[in-house]
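*Asks:* Chains A and B supply the protein sequences, listed in that same order. Sequential numbering of the first sequence, starting at 1, is according to the working numbering. Sequential numbering of the second sequence, starting at 332, is according to the working numbering.
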Amino acid sequence: MELIIDITLLTFLGLTALAINRIDKLFCVIMLSGIYSLLCASLFVTMDAVDVAFTEAAVGTGIATVLLLSTIGATETEQRSAPHRPLFALLVVCVTGAILVYGTMDMPAFGDPNAPIHQHVAPRYVQQSQHEIGSDNIVTSILSSYRGFDTLGETVVIFTAGLAVVGLIGFRGMQKFGDRQRAAGVTQNEMEQHLVLRIVIKMFIPLILLFALYVQFHGDFGPGGGFQAGVIFASAFIFYTLMSGLDAAMRVVSPRTLSYIAALGVLLYGGVGIATMLMGGNYLAYNVLRHDPLHGQHLGIFLIEVGVGTTVFSVMVLIFFAFSSRKGLRQ
Amino acid sequence: MNIGAHYNYWVAIFLMMTGFYVVITHGNLIKKLVGLNLFTTSVFILYISLAKVKGGTAPILVPGVEVYSNPLPHVLILTAIVVGVATTAVGLALVLLIYDRYGTIEEDEIRLKDDSL
């Protein structure tokens, strides 16, 4: 049964990818890529990767689609040029693909419990993490404790990407644009006429925020954690921006505040590491934070997940603000 | 040889090659980025396929369950997804800047304008 679902989903993924290749209307391409992400998320669930599915659904379907849509809103909506040397490209792709398929012949079968990947560190994570870390969700244990260094690096990458986007396109002209609009008596808000949408969104926002907090603090026991929670929290703000316009959203939380929050998240993460060093342990070895090592682990994981969550949340909202301020300028 | 044993890997390769094809043939910069996303997602699928253990369950400890799928690739991919969207955002920001400067997001038109300078 599982195999049939797996094969069906994979086949649909292939068809969606082909459709993305063929269609010229960028709006359709973006919608298809959203569908593609949802299919991916379902596939990850069937392969037991619930945390990954959660992230893919929130990021791929939500944030990525919104960002792509704001980009076509500020640029062009249709591809005008024909494919460049399609036959030669097809040849290159087929040859590369054939070589890769040849490479898979040596790989262990799908789901084989004796595959090399399951022999090295994974058994220790599965068998010992309960005693060493104390969290039910092994993914959270690895993410924030065993491999805390990696996650710190990734949080810094996200922070840097946020800085890069703001540095590249920034919020230039925003103030002037808002003033001009207000002087002309134009409401910037296109949603004014859509009463049903506005009311539904208004009802959804508190629920989304609550859900994000649940995901943030429940990451030890079930799927979830800082990355997912940050993205979900940001999507509530994106909803609010769509409903009441960029001006209003920036009054709730200004880009300047957001960039402070983003930096604060990274600092909190790095600071926990410094704290453990000052208390006599290694960098990010949470055992020393409390008398009982397991309590120390719990506190450490809690703090760095909060750091990750705030950074991801504020960077996503910052990026969204930067993109939608472009759209405002173009109008 | 059993088809089901490698089907996941082959589809991952097929998706990767489709993404690759989109990136190299299409001149539209936004479509290129979507193609790049296809490419990255195919790598995610490959990693998660490797992590699956037959008869295993999601790596959240439950009393009475002995077999879990490998959690390590899940961690790698989870963070890669969020990093991926952040870097895509940087790419889209560059597209916006290019549109400001050239008034188009088609590669050949950009090249024409470059040559005419």
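Ideal Cβ positions, reconstructed from N, Cα and C, are used throughout, including at glycine. Keep in mind the model is a prediction, meaning the values are calculated, not measured.
According to the Cβ coordinates, are Thr104 (chain A) and Gly225 (chain A) closer than 8 Å?
*Replies:* The answer is no: Cβ separation not under 8 Å.
*Asks:* Considering only the beta carbon of each residue, do Tyr125 (chain A) and Ile117 (chain A) sit closer than 8 Å?
*Replies:* No, they are not a contact pair.
*Asks:* Which residues share a DSSP beta bridge with Lys383 (chain B)?
*Replies:* The partner list for Lys383 (chain B) (beta bridge, DSSP) is empty, contrary to what the question assumes.
*Asks:* Quickly, what does DSSP pair Glu437 (chain B) with across the bridge? List them, please.
*Replies:* Paired residues: B:Asn359.
*Asks:* Touching or not, the region 316-327 of chain A and the region 63-70 of chain A, by the rule of three or more beta carbon pairs under 8 Å?
*Replies:* Output reads yes: the region 63-70 of chain A touches the region 316-327 of chain A.
*Asks:* Under 7 Å between beta-carbons, which chain B residues line up against Gln128 (chain A)? List them in chain order, please.
*Replies:* Going along chain B, no residue has its Cβ under 7 Å from Gln128 (chain A), so there is no contact; the nearest lies around 11 Å.
*Asks:* Is there contact between the region 383-394 of chain B and the region 54-68 of chain A, where contact requires at least three CB pairs shorter than 8 Å?
*Replies:* Touching, no.
*Asks:* Classify Asn401 (chain B) as helix, strand or coil using the three-state DSSP reduction.
*Replies:* DSSP places Asn401 (chain B) in coil when its eight states are reduced to three.
*Asks:* Sorted by chain position, which residues of the same chain lie with C-beta nearer than 6 Å to Tyr378 (chain B)'s C-beta, five sequence neighbours on each side aside?
*Replies:* Hits under 6 Å: Pro404 and Ile408.
*Asks:* Strictly below 8 Å CB to CB, what residues from chain B border Ser33 (chain A)?
*Replies:* Val365, Asn368 and Leu369, listed in chain order.
*Asks:* Alpha carbon to alpha carbon, how far is Ile344 (chain B) from Ile7 (chain A)?
*Replies:* Answer to the nearest angstrom: the Cα atoms are 14 Å apart.
*Asks:* Report, in whole angstroms, the separation of the C-beta atoms of Leu369 (chain B) and Thr419 (chain B), which I expect to be a contact under 8 Å.
*Replies:* About 12 Å; that fails the 8 Å criterion.
*Asks:* Mark Asp273 (chain B) as exposed unless 16 or more other C-beta atoms lie within 10 angstroms of its C-beta, in which case mark it buried.
*Replies:* There is no way to answer for residue 273 (chain B), as the model of chain B reaches only from 332 to 448.
*Asks:* Roughly how many angstroms lie between the CA atoms of Pro83 (chain A) and Ala17 (chain A), to the nearest whole one?
*Replies:* Taking the straight line from one Cα to the other gives about 16 Å.
*Asks:* Report back the beta-carbon spacing between Phe239 (chain A) and Ile208 (chain A) to the nearest angstrom; my notes put them in contact at under 8 Å.
*Replies:* Rounded, the Cβ-Cβ distance is 7 Å, consistent with contact.
*Asks:* Is there a Cβ of chain A sitting closer than 8 Å to that of Leu403 (chain B), yes or no?
*Replies:* Yes, Leu403 (chain B) lies at the interface with chain A (some Cβ there is under 8 Å from its Cβ).
*Asks:* Would a C-beta distance cut-off of 8 Å place Ile319 (chain A) and Gly111 (chain A) closer than the cut-off?
*Replies:* Taking 8 Å as the Cβ cut-off, Ile319 (chain A) and Gly111 (chain A) do not qualify as a contacting pair.
*Asks:* In whole angstroms, what is the alpha-carbon distance linking His298 (chain A) and Ala74 (chain A)?
*Replies:* About 45 Å.
*Asks:* Which residue's Cα is closest to the Cα of Val315 (chain A): A:Leu10, A:Leu87 and A:Val165?
*Replies:* The residue with the shortest Cα to Cα distance from Val315 (chain A) is A:Val165.
*Asks:* Just to confirm, are Val421 (chain B) and Ile436 (chain B) a CB contact at a threshold of 8 Å?
*Replies:* It is not a contact, given that the beta carbons lie outside the stated cut-off.
*Asks:* Just how far apart, CA to CA, sit Gly309 (chain A) and Ala262 (chain A)?
*Replies:* Using only the alpha carbons, I get a separation of about 9 Å.
*Asks:* Could you check which residue in A:Pro293, A:Phe221, A:His120 and A:Pro86 has the C-alpha nearest to that of Asn21 (chain A)?
*Replies:* Of the listed residues, the one whose Cα sits closest to Asn21 (chain A) is A:Pro86.
*Asks:* Give the secondary structure of Thr155 (chain A) by DSSP, where H, G and I count as helix, E and B as strand, and everything else as coil.
*Replies:* Correct three-state label for Thr155 (chain A): helix.
*Asks:* Relative to the C-alpha of Leu197 (chain A), which residue among A:Leu242, A:Gly170 and A:Val50 is closest?
*Replies:* If we check each option's Cα against that of Leu197 (chain A), A:Leu242 comes out closest.
*Asks:* Could you tell me the boundaries of the alpha helix (DSSP H) in which Leu68 (chain A) lies?
*Replies:* Its alpha helix (DSSP H) spans residues Ala64 to Ala74.
*Asks:* Distance check for Val354 (chain B) and Tyr146 (chain A), CA to CA, integer angstroms please.
*Replies:* Near 37 Å, if we compare the C-alpha coordinates of Val354 (chain B) and Tyr146 (chain A).
*Asks:* Beta carbon of Leu381 (chain B), beta carbon of Glu438 (chain B): below 8 Å?
*Replies:* Result no, Cβ atoms of Leu381 (chain B) and Glu438 (chain B) do not sit closer than 8 Å.
*Asks:* Hey, could you find the ends of the alpha helix (DSSP H) Asn21 (chain A) is sitting in?
*Replies:* Start and end: Glu2 to Arg22.
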